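Asks: One structure, pasted below without further comment.
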Amino acid sequence: MVRKMGVYAVLAYCLYGLFFYWYLFHFADPKLPFEYEGTKADPSTFLNGRELMLSQEYSKIRNLLFFLSTPFEWLLYFLVLLTGLSKAFKNWAEQSAKYKVLITPIYLFWLSLCAYIVTFPLSYISYKLSKTYHISIQTFPSWMKDELIDFWINYGTWLIIVPVLYLLMRKSPKRWWLYGWLLSVPFTLFMMFLQPVIIDPLYNDFYPLKNKELETKILALADKANIPAEHVFEVNMAEETNAMNAYVTGIGSNARIVLWDTTLNKLTDDQILFIMAHEMAHYVEKHIYWGIAGYLALSLLGLYLTYRLMNWAVVRWGNEMKITDVRDVKSLPLFFMIISMLLFASSPFSNLVSRYQEMRADTYAIEMTNNPDAAISSFQELARSGLSQVNPPLFVKIFRYTHPSMLDRISRLEEFQIKQRTD
Ligand SMILES: [Zn+2]
Numbered sequence: 002m003v004r005k006m007g008v009y010a011v012l013a014y015c016l017y018g019l020f021f022y023w024y025l026f027h028f029a030d031p032k033l034p035f036e037y038e039g040t041k042a043d044p045s046t047f048l049n050g051r052e053l054m055l056s057q058e059y060s061k062i063r064n065l066l067f068f069l070s071t072p073f074e075w076l077l078y079f080l081v082l083l084t085g086l087s088k089a090f091k092n093w094a095e096q097s098a099k100y101k102v103l104i105t106p107i108y109l110f111w112l113s114l115c116a117y118i119v120t121f122p123l124s125y126i127s128y129k130l131s132k133t134y135h136i137s138i139q140t141f142p143s144w145m146k147d148e149l150i151d152f153w154i155n156y157g158t159w160l161i162i163v164p165v166l167y168l169l170m171r172k173s174p175k176r177w178w179l180y181g182w183l184l185s186v187p188f189t190l191f192m193m194f195l196q197p198v199i200i201d202p203l204y205n206d207f208y209p210l211k212n213k214e215l216e217t218k219i220l221a222l223a224d225k226a227n228i229p230a231e232h233v234f235e236v237n238m239a240e241e242t243n244a245m246n247a248y249v250t251g252i253g254s255n256a257r258i259v260l261w262d263t264t265l266n267k268l269t270d271d272q273i274l275f276i277m278a279h280e281m282a283h284y285v286e287k288h289i290y291w292g293i294a295g296y297l298a299l300s301l302l303g304l305y306l307t308y309r310l311m312n313w314a315v316v317r318w319g320n321e322m323k324i325t326d327v328r329d330v331k332s333l334p335l336f337f338m339i340i341s342m343l344l345f346a347s348s349p350f351s352n353l354v355s356r357y358q359e360m361r362a363d364t365y366a367i368e369m370t371n372n373p374d375a376a377i378s379s380f381q382e383l384a385r386s387g388l389s390q391v392n393p394p395l396f397v398k399i400f401r402y403t404h405p406s407m408l409d410r411i412s413r414l415e416e417f418q419i420k421q422r423t424d
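Numbering (this note's numbering), first residue to last: 2 to 424.
Below, the structure is given as structure tokens:
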């Protein structure tokens, strides 16, 4: 029975992978709807033939990797349970732990290490791919350093969460999901507060804008939007990537707008001001706080569902998965698997909300800067530098796109421009 379940799971994963290969490489039609042909949103008007071909190729492979990697995690955790590895990790932890409190940290370490090693090839392929297409220019040692920081931050975070979670499960088998959620509220806020000052600086350097002339212009714009000057930062990314980006992060006094130096190096001042105005919209409209509220609401539902699904799975397949009791830390792979599935299932919804916020930010930015030429060309440059797909296939849009496609974004700006001319 165990072997059969394992084989079925692997087969299901392969079929799923083949489906997405077929969908992305053969079914999805990259051709633009004819009404967009020749407009400023049409990539053939701003990319040369080689760039067009590369962006199509690159996005297809990236999209496939995206769809392969999350269910790969599920398969991994499922097999860790079926093969008895989870049980073995627990036994090792029990044998090597001098004190009982160390069992969970040791178990978690083996499980994290196993997951990291098994998923490493996919991360490495993804890194190699972006190097091949000259998006990433990061050296292997520098990339590996980031990977190791990722690993330890992940491990450290779960090291705080898992012991508390299993303690709650033992103390309150029927309400742990609720108490766990209540504790997650201050924890999430605290992590969001620390992110820009403790975690992000582990990867890169953050500092005030270097170009003082540009800084004056940006701060004048920030002033117009009532954003304090000390909340605008530049980050060194030019050694790692050719892509451009800007984002808003942190909460409370640590809220900040961050511009990648690549964006500052490659765009004109007017284009940068448009990008900056877009980020200011996120800041002013408090999209981070809406995001956190939405995340917390969804995680309450998610934890409740996890509680139900874990109990159900253990009653039904406890023998096969070698879990006799949900409250034993051996069930952790099942917890990770269910959480990951629920996150994936909810991503179309959270992406939809995010796309709506992005659209609002674009509107705010164009109204504030009132310079459609700079706005449109900045998006064209963004698409070129990241070889991004201007018109992604439907599934890609639904599951992957936190931003509207460049086709939508540029054509909205063009509409604004036409309206402005006729007014
Ligand atoms: Zn945005």
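Note that CB positions come from ideal geometry on N, CA and C, so glycine has one too. Because the structure is a prediction, the values reported are computed rather than measured.
Using beta-carbon positions only, say whether residue 245 and residue 264 come within less than 8 Å of one another.
Replies: Yes; because the gap between Cβ atoms is below 8 Å, this pair is in contact.
Asks: Tell me, which residues are paired with residue 248 by DSSP?
Replies: Answer is 259.
Asks: Determine, using beta carbons only, whether residue 211 and residue 235 come nearer to each other than 8 Å.
Replies: Closer than 8 Å, so yes.
Asks: Please list the terminal residues of the continuous alpha helix (DSSP H) segment that includes residue 165.
Replies: Its alpha helix (DSSP H) spans residues 141-172.
Asks: In the DSSP assignment, what are the bridge partners of residue 38?
Replies: Looking at the DSSP assignment, residue 38 forms no beta bridge with any residue, so it has no partner.
Asks: List the residues that DSSP assigns as beta-bridge partners of residue 137.
Replies: Paired residue(s): 242.
Asks: Please list the terminal residues of the continuous alpha helix (DSSP H) segment that includes residue 330.
Replies: It is not in any alpha helix (DSSP H) - residue 330 carries neither H nor E in the DSSP assignment.
Asks: In this structure, how does DSSP classify residue 198 when only helix, strand and coil are distinguished?
Replies: Looking at residue 198 - three-state DSSP - the assignment turns out to be helix.
Asks: Under three-state DSSP, which class holds residue 391?
Replies: Of the three classes helix, strand and coil, the one that applies to residue 391 here is coil, per DSSP.
Asks: Would DSSP call residue 47 helix, strand or coil?
Replies: Residue 47: coil per DSSP, three-state reduction.
Asks: Just curious, the beta strand (DSSP E) that residue 235 is in, first and last residue?
Replies: Where residue 235 is concerned, the enclosing beta strand (DSSP E) stretches over 233-236.
Asks: Any heavy atom of ligand 1 closer than 7 Å to the Cβ of residue 359?
Replies: Yes, since a heavy atom of ligand 1 falls inside the 7 Å radius drawn around the Cβ of residue 359.
Asks: How big is the Cα-Cα spacing for residue 399 and residue 63?
Replies: Those two C-alpha atoms are separated by around 15 Å.
Asks: Is residue 135 buried or exposed, if buried means 16 or more other CB atoms sit within 10 Å of its CB?
Replies: Burial call: exposed.
Asks: Counting Cβ pairs, one atom from each stretch, are 3 or more of them under 8 Å apart for the region 376-388 and the region 409-420?
Replies: Touching, yes, given that three or more Cβ pairs across the two stretches are closer than 8 Å.
Asks: Measure the Cβ-Cβ separation of residue 257 and residue 209 and say whether it is below 8 Å.
Replies: No.
Asks: Taking the straight line between their C-alpha atoms, what separation do you get for residue 349 and residue 342?
Replies: For residue 349 and residue 342, the distance between alpha carbons rounds to 13 Å.
Asks: Looking only at DSSP bridge pairs, what is residue 207 linked to?
Replies: Partner(s): 236.
Asks: Could you give the first and the last residue of the continuous alpha helix (DSSP H) run that contains residue 283?
Replies: Residues 270-285.
Asks: State yes or no: is the C-beta of residue 362 nearer than 7 Å to some heavy atom of ligand 1?
Replies: For ligand 1, at least one heavy atom lies less than 7 Å from the Cβ of residue 362.
Asks: Are there three or more Cβ pairs, one per stretch, closer than 8 Å when the region 161-175 is compared with the region 323-335?
Replies: These segments touch.
Asks: Between residue 276 and residue 376, what straight-line distance do the alpha-carbon atoms span, to the nearest angstrom?
Replies: Going by the C-alpha atoms only, they are around 8 Å apart.
Asks: Quick check on the burial criterion: 16 or more other C-beta atoms within 10 angstroms. Buried or exposed for residue 425?
Replies: Missing from the structure shown is residue 425; the chain here goes from 2 to 424 and no further.
Asks: In the DSSP assignment, the alpha helix (DSSP H) including residue 212 goes from what residue to what residue?
Replies: Where residue 212 is concerned, there is no enclosing alpha helix (DSSP H), given that its DSSP letter is neither H nor E.
Asks: Is residue 283 near ligand 1, judged by its Cβ being under 7 Å from some heavy atom?
Replies: Indeed, a heavy atom of ligand 1 lies less than 7 Å from the Cβ.
Asks: Please report how far the alpha carbon of residue 180 lies from the alpha carbon of residue 300, in whole angstroms.
Replies: About 12 Å.
Asks: Residue range of the alpha helix (DSSP H) that residue 297 falls in?
Replies: Looking at the DSSP string, the run of the alpha helix (DSSP H) that includes residue 297 is 288-322.
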